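In this note's numbering, each residue's number is its place in the sequence shown (first place is 1) plus 101.
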Amino acid sequence: MIGCDIVVCSRIEKIYERHKTLFLDKFLSKQEQSYIKNTNTLAGFWAIKEAASKALGVGISKECSFFDIIISKDDKNAPHVCFSQKVMQEFKIKSASVSVAHDGGFAIAVVAIESKQG
Numbered sequence: 102m103i104g105c106d107i108v109v110c111s112r113i114e115k116i117y118e119r120h121k122t123l124f125l126d127k128f129l130s131k132q133e134q135s136y137i138k139n140t141n142t143l144a145g146f147w148a149i150k151e152a153a154s155k156a157l158g159v160g161i162s163k164e165c166s167f168f169d170i171i172i173s174k175d176d177k178n179a180p181h182v183c184f185s186q187k188v189m190q191e192f193k194i195k196s197a198s199v200s201v202a203h204d205g206g207f208a209i210a211v212v213a214i215e216s217k218q219g
C-alpha cells in the first residue's frame, strides 16, 4: 500500500505562526515536536502523517488518528514512520517506509506499507 501527500510549506508556516503549540499539539506528540527545527520540517511531518493515512486507505479518521502515526528520526536524522499497536493489528502491518523531500516551497512525502500475509 502506498500513500503520497504534498503540502505548500508556507501554508503550514502561516498556521503555525497563528496557533503555535495549539497547532503542534493537534497532530504531533511531544517527542515528534522535539524533532522540529524549522517550518519545512514541520510541513514534512504533516505530509508524512497524511501520506501514511492515505496508504492505509482511510485518511485521518477514527480508524487512524494523527497520533496513531508515529514519526521518529535515526542517528542520521532520516525520518521513520510506524503505527500504534491498534493500527498495526487492524491493518496487519508488517513494516512501513517513508521518503520525504522539500523543494520549491513544497514538502512531499511517500509512505509504503508492507502487510503481513494472511
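Heads up, the beta-carbon is just placed ideally off N, CA and C, and yes, glycines get one too.
What you are looking at is a predicted structure, and each value in this text was computed from that prediction instead of being measured.
task: Rounded to whole angstroms, what's the CA-CA distance from Ser154 to Cys183? Just pull it up for me.
output: Their Cα atoms are separated by approximately 11 Å.
Short Cβ contact (7 Å threshold) for Trp147 with Ile103: no
query: According to DSSP, what are the bridge partners of Val109?
result: According to DSSP, Val109 bridges with Phe207.
Nearest to Val188 (by Cα), restricted to the options Ala208, Ser216, Gly205 and Asp175: Ser216
- request: Tell me whether the beta-carbon of Phe124 lies closer than 7 Å to the beta-carbon of Ile116.
  value: yes
field: Member of Val108, Gln134 and Asn139 whose CA lies at the smallest distance from the CA of Ser173
entry: Gln134
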